[in-house]
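Contents: one structure, followed by commentary.
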Amino acid sequence: MGQTKLVCTGCSCLCDDIEIQTEGTTITGMYNACLKGSSFLKYYGDDEHRTPCLVNKQRVELEEAIDKAAELLRQAKNPMIFGLDNSTLEAQANGVELARTLGAVIDDCSSFCQGALVEEILRETIPSCSFNEVRRAGAIIFWGCNPYHSHPRHLSKFSYYAHSRYIDAGWTPDVVLSCIDVRESELASISKPFFRITPGEDKELIQGVIDAIRGNTTRNDATSMVSFIKDSGLSVFFLGLGLTYSLDNDFSLFIEMIRELSNMATIAVIPMIGHSNMRGFNHTLFEQTSYVNTLSFVNGISHGSEYSILEQMHKLNPDCMLIVGSNPLSNMPQNLQRNLDRMSLITIDPAITQTTEASKVVISAAVSSLEAGGSAIRMDGVKVCFDQAIETHRHSDEAILSKLLDRITK
Amino acid sequence: MTKTINQVTVIVATYRDAHQWVIEHHKDRIQEYEEDLRRIELSEQDLITLGITSGATVLVSNEIGSVPVTAKLSLGCPQGFGYMPMTPHCQMLTQYDPEKARLPNYKRLEVKIEPYDEEDY
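These protein sequence lines map, in sequence, to chains U and S.
Just so you know, we're using numbering that gives the first Met the number 0 here: the first sequence kicks off at 0 and counts up by one.
Just so you know, we're using numbering that gives the first Met the number 0 here: the second sequence kicks off at 0 and counts up by one.
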C-alpha cells in the first residue's frame, strides 16, 4: 500500500494537500479532499466509469483511434477544437498548435463561463490578486456564487476561514464576509451583510453602487456596500456564474464600478472558475494570440463571438469537432444538443459520457494530476505544478494531442 | 364544463448542487436523489395563486419543452421568481437564442407553471 500527495483537479481551487492511499492503481483511502474533490477522484479511480478507445463504438487500440481521428480531422472542411479546460497547460499548448495546423476554430467553456472576466484581468482593466493576498483583505464579497457547493474548500483553505487575522475571541475571522445572491444559500446564512436581489437585478445594484460613490441618492444595499468597502482596505470580489449570466457576459458596467471603487479603496476580483484549468486555457491562448477564447485559425487569426461554441453549434458550422475533456451533450442548452448529432465527433476523455457515447472516435485519456503530471493555472492566476500520482496505461491529453499533431503534419 | 386552470408565469434561476457528484457513488440512491432534485422552489404567493401547497406536482413549461416537477415553498423567494437545480429535467427547458441574449437562459428561464394532474396529459 502506498500513500501519495496530489493536487486535486476537481475544480479550479487546485488544492495541493490531498493525500491518497493506493493499492496498485486503486484508491483505497483519501484525506483532505472535499465532497466534490473526493467524489471526482473516486469516480475516475473506478474502472467502471472509464472509457476505452473506440471507433464507431468498437474497441480499438490507442494508435488506431488516433489514426482515425487524424483522418476525420484532415478530411473536415470546418474542423473545430473544443474543451481542454481540464487538461494541463502542456496539453493546451498542443491543442492550440493542432488548431493552428488544421486551420480550425478553437474555443472552450470559458466563452459561456468566466472567459470575459479573465480576459479583463489579463488586460489589466480589472485588478486581481492571489489567494495569499486575500488572507489580509478587509472585506470578502461573493457575488452570484455559492462556494459551499461549487468550491467546497474555498472558504476554509483560501478565503474566509483562511484569513490571517481572527477577532480576539478566536473563532471568527476579522474580515467582512458579504454575499450577493438571488437565493438564501448556505453562504448567505453566515454573510453579514447578505444582499438578496432578484434574478437579473445585478445591473441595477452595480449602477446603485456607482451612484452611491458619486454621492447620488440610491438604493440602501448599494450605499451599505460602498460604506463597508470604503473602510476595508483591500476588498476582494469573488464572482460567480450568477453574475456573468445576469450581465449576459457584458462586464462594462461592472468595470466602471470597479474603477470608481478603486478610487476610494483597494479592489481585487477573482473569478470563481469551475473547471480545473479553464484559466490556463485562457492564459495559453492569450499569450499566443492576445485573445482568451472564440478564435479561428482559418486564414490567420480571427476572433469574435461567431467562433464561440454556442454560435458554432447554433449555426451548425463545424463538420467535425474534437472535444477534449468536456461533455457538451450533457451541459449545453437543449436546442444546441440536437445539433451535435449532425457533426462527426471525436472525443478525448477519461470517462464514459453522453458525448463519448455519441462520438465516432473516442480516445481514452489519463486524468490530469491523478494519472498525468503537468501544470495548471488556479482561479487566482497562480501556476500549480503536479506530478502523476498513480500509474496508468492511459496516455495523457498532452501525449495524445502530440500524437495527433504528428499524424496531421506527416 | 370548462375546467379552470390556475397559472403563474415566473423567471427561474438555475443552480448547481455539489451532491450531483457524490450520488454517482451511491447507485442505490440515485433515483431518490433525482426525484428530490426534480423540483421548483416558489414563493408562498405563487403557490397560493396556483391553489396548491408545497409538495404538489406542477407542470413547468416554455416554448422549448415542459416537465412535471414538485413545487416547494421557498421562504424569501419573491413572487414571480423561482429556483431549480440544474438537472436533465431542467435542461429540457433551456435554450440558446442569440436574438435574445449572448448566453443561454440558465439564469432567466421564463416559464409557465400550472398544477399537474397526470390524467389531464
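Here a beta-carbon is modelled for each residue, glycine too, at the ideal position from N, C-alpha and C.
If you're wondering where the values come from, they're calculated on a predicted model, not measured in any experiment.
CB of leucine 5/U within 8 Å of CB of alanine 357/U, strictly: no
Anticipated Cβ contact below 8 Å, isoleucine 10/S with leucine 49/S, distance rounded: With 8 Å as the limit, isoleucine 10/S and leucine 49/S do not qualify as a contact, their Cβ atoms being about 16 Å apart.
Cut-off 6 Å between Cβ atoms - residues of its own chain near asparagine 145/U, not counting five sequence neighbours on either side: Same-chain partners within the cutoff: Ser184 and Leu186.
Cβ pair count under 8 Å reaching 3, the region 85-97 of chain U against the region 110-119 of chain U: Not touching, per the Cβ criterion.
C-beta atoms of serine 423/U and serine 275/U nearer than 8 Å: Outside the displayed range of chain U (0 to 409) lies residue 423/U, so it cannot be described from this structure.
Cross-chain neighbours of valine 21/S in chain U, by beta carbon under 7 Å: Leu34 and Ser38
Under 8 Å from the C-beta of alanine 12/S: neighbouring residues of chain U: Here the neighbours are Val181, Arg182, Pro198 and Gly241.
Coil, strand or helix - aspartate 210/U by DSSP: helix
Residue range of the beta strand (DSSP E) that includes valine 174/U: Looking at the DSSP string, valine 174/U is not in any beta strand (DSSP E), and its letter there is neither H nor E.
Any 3 or more C-beta pairs closer than 8 Å across the region 373-383 of chain U and the region 56-72 of chain U: no
Top-ranked residue by Cα proximity to serine 177/U, from Arg152/U, Cys128/U and Ser231/U: Ser231/U
Nonlocal neighbours in the same chain, by C-beta distance under 6 Å from asparagine 316/U, ignoring five residues either side: Asn77
Beta-carbon neighbours of proline 332/U, restricted to chain S and to distances below 7 Å: Neighbours of proline 332/U in chain S, taken as residues whose beta carbon is under 7 Å from its own, are Thr93, Gln94, Tyr95 and Pro103 in chain order.
Threonine 8/S vs lysine 106/S beta-carbon contact at 8 Å: no
Isoleucine 132/S: contacting residues in chain U (beta-carbon distance under 7 Å): Given that chain S is displayed from residue 0 to residue 120, the structure contains no residue 132/S and the question cannot be resolved.
Per-residue DSSP class, three states only, for arginine 258/U: helix
Beta-carbon proximity check, leucine 102/S vs aspartate 247/U, cutoff 8 Å: yes
One or two residues paired with histidine 302/U in a DSSP bridge: Leu294/U
Nearest neighbour of cysteine 76/S, chosen from Gln44/S, Arg15/S, Ser60/S and Val110/S [CA to CA]: Gln44/S
Within-8 Å CB hit, asparagine 248/U to chain S: yes
Backbone secondary structure at isoleucine 189/U - three-state DSSP: helix
Partners in chain U for glycine 75/S, counting only beta-carbon separations shorter than 9 Å: Correct list: Arg182, Glu183 and Arg195.
Arginine 406/U, enclosing alpha helix (DSSP H) - first and last residue: 396-408
Whole-angstrom distance between tyrosine 115/S and glutamate 118/U, CA atom to CA atom: 46 Å
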